[in-house]
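Peer 1: Sequence lines, in order, name chains A and B. For the record, in the first sequence the residue sitting at position 42 is 117 according to the numbering used here, with numbers rising by one throughout. For the record, in the second sequence the residue sitting at position 20 is 80 according to the numbering used here, with numbers rising by one throughout.
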Amino acid sequence: QKEVEQNSGPLSVPEGAIASLNCTYSDRGSQSFFWYRQYSGKSPELIMFIYSNGDKEDGRFTAQLNKASQYVSLLIRDSQPSDSATYLCAVNIVGRGSTLGRLYFGRGTQLTVWP
Amino acid sequence: DTGVSQDPRHKITKRGQNVTFRCDPISEHNRLYWYRQTLGQGPEFLTYFQNEAQLEKSRLLSDRFSAERPKGSFSTLEIQRTEQGDSAMYLCASSRVVWPNEQFFGPGTRLTVL
Chain A
76 QKEVEQNSGP LSVPEGAIAS LNCTYSDRGS QSFFWYRQYS GKSPELIMFI
126 YSNGDKEDGR FTAQLNKASQ YVSLLIRDSQ PSDSATYLCA VNIVGRGSTL
176 GRLYFGRGTQ LTVWP
Chain B
61 DTGVSQDPRH KITKRGQNVT FRCDPISEHN RLYWYRQTLG QGPEFLTYFQ
111 NEAQLEKSRL LSDRFSAERP KGSFSTLEIQ RTEQGDSAMY LCASSRVVWP
161 NEQFFGPGTR LTVL
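1) What whole-angstrom Cβ distance do Arg-78 (chain A) and Ser-101 (chain A) have, given they're in contact under 8 Å?
2) Skipping 5 residues on each side, what residues in its chain have a beta carbon closer than 7 Å to that of Glu-112 (chain B)?
3) Check whether the stretch 173-186 of chain A and the stretch 72-90 of chain B are in contact - that is, three or more C-beta pairs closer than 8 Å.
4) Would you call Trp-189 (chain A) buried or exposed, if buried means 16 or more other Cβ atoms sit within 10 Å of its Cβ?
5) Report back the beta-carbon spacing between Phe-135 (chain B) and Ala-127 (chain B) to the nearest angstrom; my notes put them in contact at under 8 Å.
6) Spatial neighbours of Ile-86 (chain B) within its chain, please: C-beta separation below 8 Å, excluding the five flanking residues on both sides.
7) Consider the Cβ of Glu-88 (chain B): report whether some Cβ of chain A lies at a distance smaller than 8 Å.
8) So which of B:His-70, B:Asp-67, B:Pro-68 and B:Asn-78 has the shortest CA-CA distance to Gln-140 (chain B)?
9) Starting from the C-beta of Thr-107 (chain B), find all residues in its chain whose C-beta is less than 7 Å away, skip the five residues before and the five after it, and write them out in chain order.
10) If we count the other Cβ atoms within 10 Å of its Cβ and call it buried at 16 or more, is Gly-134 (chain A) buried or exposed?
11) Once DSSP output is grouped into helix, strand and coil, what is the label at Ser-147 (chain B)?
12) Along the stretch 177-190 of chain A, where does the CB come closer than 9 Å to a CB of chain B? Name the residues.
13) Among all the DSSP beta bridges, which residues are the ones paired with Glu-90 (chain A)?
14) Under 7 Å, CB to CB, which of the residues in the stretch 97-122 of chain B have a partner in chain A?
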């Protein structure tokens, strides 16, 4: 079982809609959770992180964490065509001999926002 | 504010050749990470440094791969005797030591092994 699972999509939403991206993780030692955006042919760009249960908002983005369900999501409000990209979920996991430095990534969800 | 830089951006080599990549982190960041990404997959961890110390290395990393960060600033990743399966995007990231140590990525080096 992979540490981080994401639906690869593609997810397609109209401009102005809310896009919902989901991620599940398997290790309860997971400490902090990151969302990255990656445009085709480019490197990942950090959007935001979350480590406490509940919601965290940053502009049009809201990250949600539910540790009991081992679930983290990213909501994008008022989606724009420029939001079309692959969204990567990543986690830090304590234990396993890890020094809590490395990130474990999902394979990403491809989002398309059509005008 | 200068971000993470990587050089070269693209490298084409023949199977069996050695290649070396360089990464310069954000100046105040003590940690430097190397990841590899293939098409349709998320980045896969290779190794990371805190200052000049290599703190963790993936068990998946072949002995043909070696990384250094001799002065705690820039880092190099060398691949010896390249194979076609090494073709990928090699990503470098850096972070502060302070939790949650958000990692910021460079533009990557795309390696093609013919």
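Positions of the beta carbon are idealized from the N, C-alpha and C atoms, including for glycine. Everything numeric in this text was worked out from a predicted model, so none of it was measured.
Peer 2: Looking at the atomic coordinates:
1) Correcting the residue type first, residue 78 (chain A) is Glu in the shown sequence and not Arg. That pair is a contact at about 6 Å.
2) Arg-129, Pro-130, Lys-131 and Gly-132
3) no
4) exposed
5) Reading off the sequence shown, one finds Ser at residue 135 (chain B), where the question assumed Phe. Correct: roughly 6 Å between the Cβ atoms.
6) Asp-61, Thr-62, Gly-63, Val-64, Ser-154 and Phe-164
7) no
8) B:Asn-78
9) Trp-94, Gln-114, Glu-116, Lys-117, Ser-118, Leu-121 and Ala-127
10) exposed
11) coil
12) Arg-177, Leu-178, Tyr-179, Phe-180, Gly-181, Arg-182 and Gly-183
13) In the DSSP output, where bridge partners are listed per residue, Glu-90 (chain A) has none listed.
14) Gly-100, Gln-101, Gly-102, Pro-103, Phe-105, Tyr-108, Leu-115 and Glu-116
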